[in-house]
Amino acid sequence: MRRSFPLILLSLLILTGASLPKSGPIPIKKPQVEVETKKAPTPEEKPVAPADDSKGNQKKVPADGEQPVPQPKPTEGDEQPAKDQDPTVHEKDKRADEKKEEEPARIVYPPVEPENAADYARCLTDLKAIGATFVEAKRIDDGKGCGIDKPLEVTNILSGVTLAPKGLMRCETALALARWTKETAQPAAEVAFDKAIKIKRLNQASTYVCRLRNNATTGKISEHAHGNAVDIASFTFSNGTTIAIQPRDEDGTMDGAFQRAVTASACLYFKTVLDPGSDAAHETHLHLDVIERRNDYRYCR
Numbered sequence: 214m215r216r217s218f219p220l221i222l223l224s225l226l227i228l229t230g231a232s233l234p235k236s237g238p239i240p241i242k243k244p245q246v247e248v249e250t251k252k253a254p255t256p257e258e259k260p261v262a263p264a265d266d267s268k269g270n271q272k273k274v275p276a277d278g279e280q281p282v283p284q285p286k287p288t289e290g291d292e293q294p295a296k297d298q299d300p301t302v303h304e305k306d307k308r309a310d311e312k313k314e315e316e317p318a319r320i321v322y323p324p325v326e327p328e329n330a331a332d333y334a335r336c337l338t339d340l341k342a343i344g345a346t347f348v349e350a351k352r353i354d355d356g357k358g359c360g361i362d363k364p365l366e367v368t369n370i371l372s373g374v375t376l377a378p379k380g381l382m383r384c385e386t387a388l389a390l391a392r393w394t395k396e397t398a399q400p401a402a403e404v405a406f407d408k409a410i411k412i413k414r415l416n417q418a419s420t421y422v423c424r425l426r427n428n429a430t431t432g433k434i435s436e437h438a439h440g441n442a443v444d445i446a447s448f449t450f451s452n453g454t455t456i457a458i459q460p461r462d463e464d465g466t467m468d469g470a471f472q473r474a475v476t477a478s479a480c481l482y483f484k485t486v487l488d489p490g491s492d493a494a495h496e497t498h499l500h501l502d503v504i505e506r507r508n509d510y511r512y513c514r
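As structure tokens, this is what we get:
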């Protein structure tokens with residue numbers, strides 16, 4: 214142990230006395246590999262489509278560097294919502310269409326037709342000769358096509374035969390009624406009841422009146438509104454009896470026979486004859502009118 218100690222000490226002195234180099238070897242730098250980093254391509258920007266304004270017009274999109282042109286503001290009353298944005302607009306349009314469908318078609322009424330002077334004068338002469346009592350009334354023009362150019366107010370259709378109540382009508386209508394009463398209704402009463410029986414009164418339900426046919430709210434104007442028609446409700450005879458117009462197609466009595474006879478014969482004097490069998494509107498009277506039809510056509514039922 215003692216022998217080895219000096220050796221160890223000597224070794225330490227030798228080692229500590231040795232000097233290290235001031236700088237060690239510099240390692241060789243590895244060459245840097247330049248990695249090229251490619252920048253991802255930026256997607257090309259698509260042009261912005263011009264926007265529509267509230268009225269459907271395209272707004273102008275300014276180019277780069279161009280100042281946008283200010284658009285004028287709408288004045289009050291110009292701003293209206295689009296139909297697609299306002300559901301009430303569709304409802305209003307729908308209601309307007311429905312209202313148009315419900316509205317009746319507009320009727321164009323003819324003017325009051327003037328009487329032919331020669332025909333009128335001849336009619337007055339014939340009516341006086343047959344025994345009618347009447348006065349000439351003032352011209353009637355009630356609008357809507359209603360009126361009579363030269364109306365007559367008739368009180369007796371024949372001598373001794375009263376029209377009750379008195380009625381307004383054209384001369385042509387009064388003359389047809391007088392001839393029918395004298396030439397067919399009176400003879401039919403004598404055959405059906407007694408030769409001594411005379412018609413004393415024609416009870417009328419309507420002469421001139423401004424209305425549509427059958428008193429309807431829509432449709433064609435009635436011939437009553439032109440003074441061309443008279444409705445006979447019943448006959449009163451000299452013995453005091455009255456025969457009312459009513460449905461009598463199946464009536465086997467002389468009353469029924471008399472009504473059917475005068476109804477059929479009326480078509481010889483009037484252009485239109487409607488009896489209780491024609492429709493519900495005529496169940497209580499005979500409608501007689503002198504409306505002109507092509508080729509002198511008659512409508513009788």
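When the letters of the sequence shown are read in order and numbered with our numbering, they come out as residues 214 to 514.
By construction, the Cβ of each residue, glycine as well, lies at the ideal position given by its N, Cα and C atoms.
Being a predicted model, the structure only gives us computed values, none of them experimental.
Inside the segment 446-498 only - alpha helix (DSSP H) runs reaching at least 4 residues: 467-479
Residues that R414 bridges to, as DSSP identifies them: T375 and T449
Residues that DSSP places opposite V443 in a beta bridge: L501
Bounding residues of the beta strand (DSSP E) (the contiguous stretch that carries T397): No beta strand (DSSP E) holds T397; DSSP gives it neither H nor E.
Which residues DSSP lists as bridging I353, in chain order: I361
I370, buried or exposed, once every other Cβ within 10 Å from all chains shown has been counted against 16: buried
Own chain partners of Q472 with C-beta closer than 6 Å, once the 5 adjacent residues on each side are dropped: R461
Of the residues A474, M467, D509 and D444, the one placed nearest T497, counting alpha carbons only: D444
Beta-carbon spacing of A442, S419 below 9 Å: yes
Helix, strand or coil at C513 [DSSP, three-state]: strand
N- and C-terminal bounds of the alpha helix (DSSP H) containing E385: C384 to W393
9 Å Cβ cutoff met for L381 and I353: yes
Host alpha helix (DSSP H) of D339 (start-end): A330 to I343
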